[in-house]
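Worksheet for the structure shown next.
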Amino acid sequence: SKFSTWLYSIAFRTAISKLRSRKGGSVDLEDVPESVASTWDEPATEQLDRKKALDLALAELPPEDAAVVTLFYLAEQSVEEIVTATGLSASNVKVKLHRSRKKLFGSLHHQLKEEVWTLQ
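With the numbering used here applied, the sequence shown covers -1 to 118.
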């Protein structure tokens, strides 16, 4: 088991505990790594609008689902690493990712209208 997986496990459990105690809240995407933000070619204002839209969409997900999506896409963890970090089964992680993608698409489509089709 890798050190990073162990560290993500601690961070995941701490974050879920805090989110559950707050009964809601949002995921702040202002801390998105530069490597992710720099892949967008749009002007900075459009980048910020998309980050805010994604922040709102992630906030609509249950905390555990948002954490799984964040671990998979932003932290670039594999399903196996997420299983180790969260204690969920591999099939449960995959189901959460699938359902979360559908929810995120719906939310982003509502917020960004037709622009969502150009996002990749």
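Glycine is no exception: its CB is placed at the ideal position from the N, C-alpha and C atoms.
For residue i, which of helix, strand or coil comes out of DSSP?
{"i": "L95", "result": "helix"}
{"i": "G85", "result": "coil"}
{"i": "L59", "result": "coil"}
{"i": "K0", "result": "coil"}
{"i": "S7", "result": "helix"}
Does the beta-carbon distance from residue i to residue j come in below 8 Å?
{"i": "V101", "j": "E58", "result": "For clarity, residue 101 is Lys in the given sequence; the question names Val instead. Yes, the Cβ-Cβ distance between K101 and E58 is below 8 Å."}
{"i": "T124", "j": "E79", "result": "Residue coverage of the chain in this structure runs from -1 to 118, which leaves residue 124 outside it and unanswerable."}
{"i": "L54", "j": "V67", "result": "no"}
{"i": "A65", "j": "F10", "result": "yes"}
Go ahead and label residue i buried or exposed: buried means 16 or more other beta carbons lie within 10 angstroms of its beta carbon, across all protein chains shown.
{"i": "A51", "result": "buried"}
{"i": "S98", "result": "buried"}
{"i": "S76", "result": "exposed"}
Comparing C-alpha positions only, which one of the options sits nearest to residue i?
{"i": "A88", "options": "D53, F70, H108", "result": "F70"}
{"i": "K0", "options": "V81, P61, D63", "result": "V81"}
{"i": "D63", "options": "E74, K49, D47, L86", "result": "L86"}
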